[in-house]
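Scroll down for the structure; my scribbles are underneath it.
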Amino acid sequence: MFFSMRKHASKLIAATLAIGTLASISAAALDQPVAMLSSNLNASVGTVLTSDEISTAEQALAKAKAEAEAKAKAEAEAKKAEAEKAAAQQSAYNDLLTAPVSAKTVAYSSSLLATDSIKSKATSLGNYKLTFYCPCATCNGVAGAKTASGTTPTEGRTIAVDSSIIPLGSRVYIEGYGVFIAEDTGGAIKNNKIDVFVSSHSRAYELGVQYANVYLLG
Ligand SMILES: [Zn+2]
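Counting from 8, one number per residue, gives the positions in the sequence shown under our numbering.
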């Protein structure tokens with residue numbers, strides 16, 4: 008009903024103005040009908056806006072505001088979580104670069120697969136053939152030899168590499184095995200081959216030959 012009143016009033020205004028223009032009625036003559044129509048229009052508008060439409064509009068506005076706030080909050084939380092994840096990844100990667108590489112038992116573990124940060128930040132050297140050696144004369148020619156870099160070979164830290172590809176002293180991440188230091192070389196260790204030091208000949212034999220993705224850290 009109110010809408011039809013508004014429609015009616017606006018039609019009347021339009022008609023009156025059209026008559027005013029076409030028939031050259033004086034401005035003064037239009038004053039009264041225009042004032043009356045304005046009054047009617049205001050009344051109808053006022054009536055409409057004080058009805059349920061106001062609360063409906065307010066509710067819609069409040070809902071839109073709440074939704075916008077919830078969206079902004081969720082976006083801020085997601086951004087924060089992403090930043091925290093990136094910081095944790097950076098911290099874990101920094102540990103790989105700087106934490107001492109201590110002796111450990113060499114064994115494959117799925118928990119040592121390359122993380123996204125290793126994949127994105129380290130230099131991928133490709134897939135390597137891993138063999139294993141121990142301090143014995145069979146493995147080294149001389150029992151108990153020092154490494155090519157002068158260190159005492161240590162399981163979990165020492166690997167022999169082709170030093171023209173992996174410079175001695177480099178930190179190397181062997182996927183599935185963890186971080187090692189390139190400390191040694193070997194006559195047969197060329198190109199995509201790494202000889203991994205372990206403490207006993209039987210374990211070197213048991214580990215046999217493996218293949219793993221290798222990353223140069225740093
Ligand atoms: Zn051996």
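Virtual Cβ for every residue (Gly too), placed ideally from N, Cα, C.
If you're wondering where the values come from, they're calculated on a predicted model, not measured in any experiment.
Could you say which of the options lies nearest to residue i if we only look at CA atoms?
i      : options                          : result
VAL179 : ASN199, ALA152 and LEU56         : ASN199
ALA121 : GLU74, ALA114, ILE181 and ALA71  : ILE181
PRO174 : LEU132, CYS143, ALA69 and PHE204 : LEU132
PHE204 : ALA73, GLY151 and GLU89          : GLY151
GLY225 : GLU213, ALA189 and LEU103        : LEU103
TYR1   : LYS92, ALA114, GLY163 and ALA64  : Because the chain in this structure spans residues 8 to 225, residue 1 falls outside the shown range and cannot be described.
Assuming the contact rule is C-beta atoms closer than 8 Å, residue i and residue j should be a hit. Round their C-beta distance to whole Å, please.
i      : j      : result
ALA183 : SER127 : The question names Ala, yet the displayed sequence has Gly at residue 183. Contact doesn't hold; Cβ gap of about 18 Å is too wide.
CYS141 : SER207 : 6 Å
For residue i and residue j, I'd like the C-alpha separation in whole angstroms.
i      : j      : result
THR130 : VAL149 : 34 Å
THR159 : LYS86  : 47 Å
LYS111 : ASP123 : 24 Å
LEU119 : TYR135 : 16 Å
ALA167 : ALA75  : 59 Å
ALA144 : ILE125 : 36 Å
LYS78  : ILE61  : 25 Å
ILE32  : ALA64  : Residue confidence for ILE32 is low, a pLDDT of 46 falling below 50, so the modelled location carries little weight; the figure read from the coordinates is stated next. Cα to Cα, ILE32 sits roughly 41 Å from ALA64.
ASN101 : THR192 : 26 Å
GLY163 : LYS72  : 58 Å
LYS197 : THR138 : 12 Å
Buried or exposed for residue i, please, with buried defined as at least 16 other CB atoms from any protein chain shown within 10 angstroms of its CB.
i      : result
GLY157 : exposed
GLY185 : buried
ALA25  : Only weak support exists for where ALA25 lies, its pLDDT of 44 falling under 50; the coordinates are left without a value.
THR105 : exposed
VAL239 : The requested residue 239 does not occur in the structure, where the chain is confined to residues 8 to 225.
GLU154 : The amino acid occupying residue 154 in the given sequence is Thr; Glu does not appear at that position. Flag for THR154 reads buried.
ALA88  : exposed
According to DSSP, which residues form a beta bridge with residue i?
i      : result
VAL186 : TYR180
VAL130 : First, the amino acid is wrong: residue 130 is Thr here, not Val. In the DSSP output, where bridge partners are listed per residue, THR130 has LEU223.
VAL203 : PHE139 and ILE166
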